[in-house]
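Read through the structure below, which is laid out as structure tokens, and then see the notes.
Residue numbers (the UniProt record's numbering), protein chains in the order written: chain A, 1 to 154; chain B, 1 to 504.
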């Protein structure tokens with residue numbers, strides 16, 4: 001679960017750099033060991049959503065980590081991996097922010113917010129208000145969406 | 001520019017995410033802060049849509065999203081009106097006690113309109129007409145969530161059913177299977193109403209077959225739900241034909257497909273033969289016929305014979321019949337084949353949802369309706385979980401605002417807010433359907449005001465009082481909450497208001 005975090009004395013905490021999907025720095029913050037990235041983001045008004053409030057029941061706090069720091073983290077548990085399966089824009093260094101707890105060795109870690117899709121128009125009989133990817137688009141219904149790979153505009 | 005007075009049809013997660021995004025883009029520091037009012041309408045007397053009436057009771061964490069919705073609802077620019085059915089078709093509401101609000105009332109009283117009305121109609125199977133022994137999964141979900149449309153309907157006759165066949169292999173199918181295969185003693189701490197638990201305690205269901213027309217790589221369920229099936233305490237999975245667990249030559253699997261195959265290869269935690277209940281996947285099977293079982297083999301526990309055509313995959317991954325078939329003896333069939341929208345204005349029956357381009361509603365001639373939008377399943381079809389719903393809702397909200405105030409908003413990364421699809425000139429628009437300006441920026445139509453006074457229409461504050469009482473009643477029996485139906489909630493609210501009037 002994520003909860004309220006306190007801010008360490010400046011210069012004494014673990015540094016995290018939050019970036020937007022284009023790689024622009026949003027904010028560099030300091031947090032305590034043990035704090036999770038979702039709580040840290042909320043404390044510092046970073047736009048990272050957490051619909052299920054840190055209970056590993058959604059993928060809205062999906063973040064992409066710098067690879068050297070990703071490798072230092074313990075492997076995700078099954079329940080986190082199950083949610084990552086459905087995250088949009090999944091990468092090899094993706095984690096759920098609510099499950100990443102800071103340690104000293106993660107000082108300087110970069111956490112990048114994944115890109116959200118933009119509204120788009122697809123010619124012909126397909127009209128999407130938004131295009132998202134969550135694994136497979138399903139095997140049901142009149143439209144066999146599986147056969148299409150929707151374009152994503154960043 | 002006249003202020004925005006937005007009516008939202010539907011008060012589920014999509015609505016709340018759109019509303020919260022709109023309101024947060026116009027904070028107190030914005031010169032346009034007071035330039036918006038949002039009214040949410042739902043035919044359900046309680047807000048939150050599928051979060052309350054769809055999410056499986058054993059997935060309580062998903063419902064944490066309502067905490068954010070509560071926060072959004074505190075903004076005085078947002079109002080919720082429950083038990084109101086906006087009539088956009090000739091059909092009567094599925095909920096008899098709704099206040100009917102004609103669509104024309106919304107068009108006359110609001111400057112902007114958003115459909116977040118979901119996909120409420122189950123897709124049926126052409127070979128399986130509904131009967132008392134062949135029901136859509138939605139009716140089952142409505143039963144265990146006490147949806148107002150089934151308040152007077154009898155529960156499923158679980159005490160007479162030993163075998164249930166679920167057609168469809170999505171997450172709703174697995175939700176229904178879990179409800180049938182989880183001991184009531186495990187379910188009773190969750191948000192499962194007491195009368196539902198009573199029926200589950202008498203259930204005779206011993207086996208659930210989950211039928212899909214294609215194979216494990218095409219199934220629509222997701223890993224979490226599959227894992228929960230494998231970990232059921234008192235039920236085990238019947239072994240699969242090993243051929244089904246082989247990955248075809250040269251097939252590149254997605255991450256989710258790989259993890260699905262690993263789970264299926266490992267099998268259930270409890271091995272078959274060790275548990276009182278069992279379940280199975282019937283892959284590559286399409287139902288063609290349901291009939292009473294032949295007289296000489298008839299037993300009352302399995303009175304039905306379900307004929308299943310066998311399938312293989314075409315090159316384009318479609319299910320094609322092989323010509324072979326078999327029969328399955330069963331007590332009840334539950335069809336779980338997805339949902340489509342109601343035939344409201346601008347609904348496209350080929351798509352199964354409202355026609356949109358970039359979140360803006362479009363008519364059959366391809367013309368954009370000014371200030372009319374659709375979000376969530378109403379716009380996309382019945383696919384997607386909270387994360388995708390949220391992303392779509394935020395994009396639609398961005399478009400509403402950037403259409404209303406062009407060029408005024410930019411995202412943090414410098415990009416313009418809203419749709420990449422330009423709004424276009426007036427010649428590409430349909431005739432306006434909404435009021436250009438309104439007499440009152442924040443009052444609902446007169447019939448809704450009367451409905452509130454009469455206690456027929458619920459507000460968010462009403463909901464929060466009922467919410468607190470449901471939780472209090474739940475605490476008494478050690479569960480998450482004990483739900484009230486409409487009649488009970490209405491009596492409770494009237495008594496509460498009576499108390500506060502008496503004290504004033």
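Here a beta-carbon is modelled for each residue, glycine too, at the ideal position from N, C-alpha and C.
Point to revise | Euclidean distance between Cα positions of residue 10 of chain B and residue 117 of chain B | key: 5 Å
Practice item. Would you list the one or two residues that DSSP bridges to residue 38 of chain B? Key: B/6 and B/78
Check your understanding: Are any of the Cβ atoms in chain B nearer than 8 Å to that of residue 55 of chain A?
Key -> yes
Check your understanding: Does any residue of chain B bring its CB to less than 8 Å from the CB of residue 109 of chain A?
Key -> no
Review point. Is residue 449 of chain B closer than 8 Å to residue 443 of chain B when the C-beta atoms are compared?
Key: yes
Practice item. Have a look at residue 93 of chain B and residue 7 of chain B and give me their C-alpha separation to the nearest angstrom. Key: 19 Å
Practice item. Give the residues of chain A in contact with residue 488 of chain B, contact being defined as C-beta atoms less than 7 Å apart. Key: Going along chain A, no residue has its Cβ under 7 Å from residue 488 of chain B, so there is no contact; the nearest lies around 29 Å.
Practice item. Check distances from the C-beta atoms of the segment 67–101 of chain A to those of chain B and list, in chain order, the residues that come in under 9 Å. Key: 78, 79, 81, 82, 83, 84, 85, 86, 87, 88 and 90
Review point. Which residue's Cα is closest to the Cα of residue 207 of chain B: B/253, B/146 and B/177?
Key: B/177
Point to revise | With 16 other Cβ atoms within 10 Å as the buried cut-off, status of residue 418 of chain B | key: buried
Exercise for review: With DSSP as the reference, please indicate the residues paired to residue 309 of chain B in a beta bridge.
Suggested key: B/286 and B/325
Review point. Can the beta-carbon of residue 196 of chain B be found closer than 8 Å to that of residue 54 of chain B?
Key: no
**Study point:** Rounded C-alpha distance that separates residue 83 of chain B from residue 26 of chain B
**Key:** 29 Å
Check your understanding: Are there three or more Cβ pairs, one per stretch, closer than 8 Å when the segment 16–23 of chain B is compared with the segment 119–133 of chain B?
Key -> no
Check your understanding: Expressed to the nearest angstrom, what Euclidean distance is found between the alpha-carbon atoms of residue 205 of chain B and residue 180 of chain B?
Key -> 7 Å
**Study point:** Within 9 Å of chain A by C-beta, residues of the segment 49–75 of chain B in sequence order
**Key:** 59, 60, 61, 62, 63, 64, 65, 67 and 68
Practice item. Note down the Cα distance separating residue 165 of chain B from residue 209 of chain B, rounded to an integer number of angstroms. Key: 5 Å
Check your understanding: Is there at least one Cβ from chain B nearer than 8 Å to residue 10 of chain A's Cβ?
Key -> no
Practice item. Look up residue 25 of chain A in the DSSP assignment and give the residues it is bridged to. Key: A/19
Practice item. Tell me whether residue 48 of chain B is buried or exposed, calling it buried when 16 or more other Cβ atoms sit within 10 Å of its Cβ. Key: buried
Review point. Of the residues B/498, B/251, B/81 and B/103, which one's Cα is nearest the Cα of residue 90 of chain B?
Key: B/103
Review point. Which chain B residues are close to residue 59 of chain A, counting only those with a beta carbon under 7 Å from its beta carbon?
Key: 387
Check your understanding: Is the Cβ of residue 335 of chain B closer than 8 Å to any Cβ of chain A?
Key -> no
Review point. Cβ atoms of residue 17 of chain A and residue 28 of chain A: under 8 Å apart, would you say?
Key: yes
Check your understanding: So residue 13 of chain B is in the alpha helix (DSSP H); what residue range does that whole segment cover?
Key -> 13–25
Practice item. Please determine, among B/403, B/380, B/402 and B/401, the residue with the shortest C-alpha to C-alpha distance to residue 392 of chain B. Key: B/380
**Study point:** Own chain partners of residue 72 of chain B with C-beta closer than 7 Å, once the 5 adjacent residues on each side are dropped
**Key:** 16, 19, 20, 23 and 78
Check your understanding: Looking at chain A, which residues of the segment 260–281 of chain B have a Cβ within less than 8 Å of any of its Cβ atoms?
Key -> none
Practice item. Give a yes or no on whether the minimum CB-CB distance between residue 237 of chain B and chain C is below 8 Å. Key: As a matter of chain content, chain C is missing from the structure shown, whose protein chains are A and B.
**Study point:** Rounded straight-line distance, which links the Cα of residue 143 of chain B to that of residue 140 of chain A
**Key:** For residue 140 of chain A, the predicted structure reports a pLDDT of 29, less than 50, and the residue's modelled location is therefore unreliable. The matter cannot be settled from this model.
Practice item. Check distances from the C-beta atoms of the segment 207–227 of chain B to those of chain A and list, in chain order, the residues that come in under 8 Å. Key: 212, 213, 214, 218, 219, 220, 222, 223, 224 and 227
**Study point:** 7 Å Cβ shell around residue 489 of chain B - same chain, five flanking residues per side excluded
**Key:** 45 and 466
Practice item. Could you confirm whether any beta carbon from chain A is found closer than 8 Å to the beta carbon of residue 255 of chain B? Key: yes
**Study point:** Interface partners of residue 41 of chain A on chain B, CB under 9 Å
**Key:** Within 9 Å Cβ-Cβ: nothing; residue 41 of chain A doesn't reach chain B, min ~13 Å.
**Study point:** Per DSSP, the bridge partner or partners of residue 339 of chain B
**Key:** B/122
Point to revise | Burial state of residue 4 of chain A (16 or more Cβ within 10 Å) | key: exposed
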